[in-house]
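Line order of the protein sequences matches chains A and B. Under numbering that gives the first Met the number 0, the first residue of the first sequence carries the number 0, and numbering increases by one thereafter. Under numbering that gives the first Met the number 0, the first residue of the second sequence carries the number 0, and numbering increases by one thereafter. These notes are about the structure you will find just below.
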Amino acid sequence: MTAAALTPGAGARRDGAARARLRFRRRAADAALWSACAAALALVVAPVVWIVADVASRSLVHWHWSLLTRTTVGQGGGLANAIVGTLVIVAGVAVVAGTAGIGGGIYLAEYASERGGSLLRGASEVLAGVPSIVLGYLGYITLVVALHWQFSLGAALIVLSLMVVPYVVKATEVALRQVPASYREGAAALGMRSGYALRKVVIRPALPGIATGLIVAMAIALGETAPLLYTAGWSDHFPTLHLTHSPLGYLTYVTYVFYNEPYASSHQLSHLAALLLIVLVLILIVASRLLVAATQRHAADRT
Amino acid sequence: MTHSLAAARTDGGNSRRAGAQIPGSRSRHPDLLSPASTRAGVAAAPPALPPVLKTRDATMGFGLKTVLSSVTLEFRRGTINAIIGPTGCGKSTLLRAFNRMNDRSPTFWRRGSVEFEGCDVSAGTPDPLELRRRVGMVFQRPNPFPMSIRDNVVAGVRAHRLAPRRELAAVAERHLRQVGLWDAVADRLDDSPFRLSGGQQQLLCLARALAVEPDVLLLDEPTSSLDPATTEIVEALLRTLTPRLTLVLVTHNLAQAGRVAGTTAFLYDGRLVEAGETRQILAAPREPETVSYVTGRIG
Ligand SMILES: Nc1ncnc2c1ncn2[C@@H]1O[C@H](COP(=O)(O)OP(=O)(O)OP(=O)(O)O)[C@@H](O)[C@H]1O
Ligand SMILES: [Mg+2]
Numbered sequence: 000m001t002a003a004a005l006t007p008g009a010g011a012r013r014d015g016a017a018r019a020r021l022r023f024r025r026r027a028a029d030a031a032l033w034s035a036c037a038a039a040l041a042l043v044v045a046p047v048v049w050i051v052a053d054v055a056s057r058s059l060v061h062w063h064w065s066l067l068t069r070t071t072v073g074q075g076g077g078l079a080n081a082i083v084g085t086l087v088i089v090a091g092v093a094v095v096a097g098t099a100g101i102g103g104g105i106y107l108a109e110y111a112s113e114r115g116g117s118l119l120r121g122a123s124e125v126l127a128g129v130p131s132i133v134l135g136y137l138g139y140i141t142l143v144v145a146l147h148w149q150f151s152l153g154a155a156l157i158v159l160s161l162m163v164v165p166y167v168v169k170a171t172e173v174a175l176r177q178v179p180a181s182y183r184e185g186a187a188a189l190g191m192r193s194g195y196a197l198r199k200v201v202i203r204p205a206l207p208g209i210a211t212g213l214i215v216a217m218a219i220a221l222g223e224t225a226p227l228l229y230t231a232g233w234s235d236h237f238p239t240l241h242l243t244h245s246p247l248g249y250l251t252y253v254t255y256v257f258y259n260e261p262y263a264s265s266h267q268l269s270h271l272a273a274l275l276l277i278v279l280v281l282i283l284i285v286a287s288r289l290l291v292a293a294t295q296r297h298a299a300d301r302t
Numbered sequence: 000m001t002h003s004l005a006a007a008r009t010d011g012g013n014s015r016r017a018g019a020q021i022p023g024s025r026s027r028h029p030d031l032l033s034p035a036s037t038r039a040g041v042a043a044a045p046p047a048l049p050p051v052l053k054t055r056d057a058t059m060g061f062g063l064k065t066v067l068s069s070v071t072l073e074f075r076r077g078t079i080n081a082i083i084g085p086t087g088c089g090k091s092t093l094l095r096a097f098n099r100m101n102d103r104s105p106t107f108w109r110r111g112s113v114e115f116e117g118c119d120v121s122a123g124t125p126d127p128l129e130l131r132r133r134v135g136m137v138f139q140r141p142n143p144f145p146m147s148i149r150d151n152v153v154a155g156v157r158a159h160r161l162a163p164r165r166e167l168a169a170v171a172e173r174h175l176r177q178v179g180l181w182d183a184v185a186d187r188l189d190d191s192p193f194r195l196s197g198g199q200q201q202l203l204c205l206a207r208a209l210a211v212e213p214d215v216l217l218l219d220e221p222t223s224s225l226d227p228a229t230t231e232i233v234e235a236l237l238r239t240l241t242p243r244l245t246l247v248l249v250t251h252n253l254a255q256a257g258r259v260a261g262t263t264a265f266l267y268d269g270r271l272v273e274a275g276e277t278r279q280i281l282a283a284p285r286e287p288e289t290v291s292y293v294t295g296r297i298g
């Protein structure tokens with residue numbers, strides 16, 4: 000007991016001062032935390048805004064609709080062939096890597112033995128770690144040269160799919176493992192076959208995760224350059240959809256190669272291709288969000 | 000006494016239960032035929048239906064752990080039977096032996112027999128899927144599937160192709176009415192089940208289990224996550240299911256056993272200590288462990 004405690008006025012004053020100091024310190028801590036968060040956010044957002052603005056301003060000054068409808072002619076012309084080529088490649092990767100990756104993920108989550116599982120998981124992780132240019136080069140010497148496929152859609156799809164399939168496998172396995180065990184139990188207790196339970200009950204809550212993995216894979220395929228230079232080559236014409244002997248154009252080629260050409264027209268195409276790549280990635284992201292929203296309709300809020 | 004629906008044999012085989020004769024078991028268990036037990040009951044017994052579920056000397060466990068030792072027990076058609084006992088004594092394991100849910104665990108093993116309608120559940124007739132259709136199960140925590148309310152009810156019906164597509168809506172309605180959920184969900188059959196209350200979700204799971212027209216329903220603490228009022232609704236519903244169905248109910252709630260179950264089996268530390276009419280088990284238990292448990296001293 001001090002004098003301050005005995006004289007209420009003085010105590011209250013001192014308490015008030017202490018409380019004010021405490022309040023100030025809390026506010027300061029709050030402010031520091033908030034500004035740190037804001038800085039971190041700015042660190043992420045600013046470059047994105049800057050890149051988009053820069054690419055958009057450089058490419059849109061020379062914008063003309065014909066850039067989207069004409070094929071490339073030498074260093075000029077339009078990007079129609081490259082746009083279609085990129086879409087074909089991304090769709091092909093979605094089919095090939097999607098099928099293999101979702102199948103692999105289901106196998107790992109539902110059926111794999113301890114040993115088989117760790118083998119496949121390890122292989123998948125190694126594959127994910129191989130630099131894309133190495134995969135591209137391997138595809139070149141095996142598919143393009145040794146098998147005489149030449150630059151072709153088939154070679155490009157195989158190499159790109161190999162590259163992104165680990166992401167789909169991982170996403171599928173993780174998504175399936177996160178499905179509450181009570182769904183599997185309930186399905187089994189009703190006498191559902193395990194494959195049937197997987198298709199009708201278990202996979203549903205895993206779909207957003209699987210779709211997100213697939214879309215990440217598509218976005219990576221969309222932005223790859225090195226493996227495609229080795230396998231898809233380049234063509235001024237629309238893709239033929241033949242799997243072999245069918246070089247085709249794609250946007251990353253334009254962005255990378257045309258930028259190194261000493262012509263204003265090729266620079267324009269390069270910038271526009273970059274903008275289109277960004278737009279396509281954005282579309283993929285939005286699509287994944289919509290898909291998640293749609294499949295979450297009957298999702299449990301507790302998981 | 001003999002019409003009691005569960006029969007027990009404790010470890011030493013010193014069955015006190017006259018109703019414990021098991022057809023075809025005489026040579027294996029001569030102790031059940033001791034003069035005392037034969038005289039005690041048979042004369043007064045109505046012709047006993049063969050039990051729907053039966054275990055004989057069932058010993059089972061996971062890996063190195065033995066969970067149940069030598070449990071001999073039977074449940075007669077159209078009755079409600081409770082299984083009680085302290086936590087971890089093996090109630091769920093026993094329950095899950097009847098529909099082979101334990102087999103989902105790779106380390107599970109079993110000796111002795113566990114029978115459904117006279118056939119060992121592992122014999123393959125009916126196959127495990129059909130067995131689980133006919134021996135349904137409701138879990139402690141409501142586990143509706145992530146699909147619409149209507150699809151939930153008919154999920155099993157679809158899996159077993161029990162009704163053509165155009166009849167599914169009627170099947171769903173019939174079983175939602177059966178569990179008393181129809182009025183609450185009639186206008187939101189296409190909605191998610193996760194917006195229902197916990198009790199409604201459990202009723203939905205009951206409807207789902209009933210929709211495949213099972214003969215037996217295994218209920219593992221079906222009301223332990225529900226409030227008293229909802230518990231009462233579920234109990235009333237369970238009573239309406241007999242005699243068409245045979246119910247086996249694991250419960251920690253002795254009062255619940257008293258309210259709904261004709262017979263009660265008391266498990267303690269993996270052994271079947273005592274089984275018989277619920278009234279007798281709760282009011283006049285014979286074994287010291289049962290006495291301690293029902294008076295609240297163990298468990
Ligand atoms: N899949 C399993 N693997 C290994 N051990 C298990 C498994 N399932 C149950 N057990 C063990 O078996 C014993 C009995 O479990 P069980 O779930 O049957 O008890 P219970 O009587 O239902 O308990 P509670 O009242 O808490 O539900 C426990 O010791 C438990 O650890
Ligand atoms: Mg239990």
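Don't be surprised by glycine CBs; every beta carbon is placed ideally from N, CA and C. Model, not experiment: these values are computed from the prediction.
Figure out for me which residue from the options has the closest Cα to the Cα of residue i.
{"i": "B/V247", "options": "B/P287, B/A260, B/P127 and B/A283", "result": "B/A260"}
{"i": "A/T105", "options": "A/A55, A/G248, A/G121 and A/K169", "result": "The displayed chain sequence assigns Ile, not Thr, to residue 105 of chain A. Nearest C-alpha to A/I105: A/K169."}
{"i": "A/L274", "options": "A/L250, A/G91, A/V158 and A/A28", "result": "A/L250"}
{"i": "A/Q177", "options": "A/A231, A/R203, A/L156 and A/H63", "result": "A/R203"}
{"i": "B/L236", "options": "B/L271, B/H174, B/V211 and B/Y267", "result": "B/H174"}
{"i": "A/S131", "options": "A/T211, A/G115, A/I157 and A/A111", "result": "A/I157"}
{"i": "A/A187", "options": "B/H159, B/A185 and B/V170", "result": "B/H159"}
{"i": "A/L221", "options": "A/F237, A/T254, A/S56 and A/G100", "result": "A/T254"}
{"i": "A/Y258", "options": "A/L247, A/G248 and A/H270", "result": "A/H270"}
{"i": "B/Q200", "options": "B/R76, B/P85, B/A183 and B/G135", "result": "B/A183"}
{"i": "A/G233", "options": "A/P261, A/S151 and A/P207", "result": "The identity of residue 233 of chain A in the sequence shown is Trp, whereas the question assumes Gly. It is A/S151 whose Cα lies nearest to the Cα of A/W233."}
{"i": "A/A196", "options": "B/R278, B/P145, B/L63 and B/L209", "result": "B/P145"}
{"i": "B/Y292", "options": "B/E276, B/H251 and B/G275", "result": "B/H251"}
{"i": "A/G102", "options": "A/L228, A/L119, A/V143 and A/S58", "result": "A/L119"}
{"i": "B/D226", "options": "B/L253, B/A210 and B/G197", "result": "B/G197"}
{"i": "A/G185", "options": "A/I88, A/V163 and A/K199", "result": "A/K199"}
Check whether the Cβ of residue i sits closer than 7 angstroms to any heavy atom of ligand 2, and report yes or no.
{"i": "B/D268", "result": "no"}
{"i": "B/D219", "result": "yes"}
How about residue i: is its Cβ closer than 7 angstroms to a heavy atom in ligand 1?
{"i": "B/F265", "result": "no"}
{"i": "B/K64", "result": "yes"}
{"i": "B/H251", "result": "yes"}
For residue i, return the contacting residues in chain C, with the cut-off set at a CB-CB distance below 8 angstroms.
{"i": "B/M59", "result": "Looking at the structure shown, chain C is missing, and the protein chains on hand are A and B."}
Indicate whether residue i and residue j have their beta-carbon atoms separated by less than 8 angstroms.
{"i": "B/A154", "j": "B/R207", "result": "yes"}
{"i": "A/Q267", "j": "A/H61", "result": "yes"}
{"i": "B/R99", "j": "B/L130", "result": "yes"}
{"i": "A/G153", "j": "A/L242", "result": "yes"}
{"i": "B/F138", "j": "B/V113", "result": "no"}
{"i": "A/A216", "j": "A/Y166", "result": "yes"}
{"i": "B/E273", "j": "B/P284", "result": "yes"}
{"i": "B/L301", "j": "A/R192", "result": "No information on residue 301 of chain B is available, as it lies outside the stretch 0 to 298 that chain B covers here."}
{"i": "A/A79", "j": "A/T70", "result": "yes"}
{"i": "B/T65", "j": "B/G269", "result": "yes"}
{"i": "A/A286", "j": "A/I214", "result": "yes"}
{"i": "B/A57", "j": "B/G111", "result": "yes"}
{"i": "B/D214", "j": "B/L240", "result": "no"}
{"i": "B/F265", "j": "B/G84", "result": "yes"}
Return yes when at least one heavy atom of ligand 4 lies under 7 angstroms from the C-beta of residue i, else no.
{"i": "A/S65", "result": "Ligand 4 is absent from the structure shown, which contains only ligand 1 and ligand 2."}
Practice task
Determine which residues of the segment 87-121 of chain A have a Cβ less than 9 angstroms from any Cβ of chain B, and write them out in chain order.
Solution key: none
Handout entry: Under 5 angstroms, CB to nearest heavy atom of ligand 1: contacting residues
Key = B/F61, B/V66, B/T86, B/G87, B/C88, B/G89, B/K90, B/S91, B/T92 and B/S104
Practice task
Using a Cβ-Cβ cut-off of less than 8 angstroms, list which residues of the segment 30-52 of chain A approach chain B; keep chain order.
Solution key: none
Exercise for the section: Please list the residues of the segment 209-232 of chain B that have a C-beta atom closer than 7 angstroms to any C-beta atom in chain A, keeping them in chain order. Expected result: V211
Exercise for the section: Give, in chain order, every residue of the segment 202-224 of chain A whose Cβ lies closer than 8 angstroms to some Cβ of chain B. Expected result: R203 and P204
Practice task
Can you give me, in chain order, the residues of the segment 149-176 of chain B that have a beta carbon less than 8 angstroms from any beta carbon in chain A?
Solution key: A154, G155, R157, A158 and H159
Practice task
Mind checking the segment 164-195 of chain A against chain B and listing, in chain order, the residues whose C-beta falls within less than 8 angstroms of any C-beta there?
Solution key: P179, S181, Y182, E184, G185, A186, A187, A188, L189, G190, M191, R192 and Y195
Handout entry: Contact list for the segment 112-132 of chain B against chain A, Cβ threshold 8 angstroms
Key = P127, L128, E129, L130, R131 and R132
Problem - Members of the segment 84-113 of chain B that neighbour chain A once the beta carbon cut-off is set at 7 angstroms - result: N98, M100 and R103
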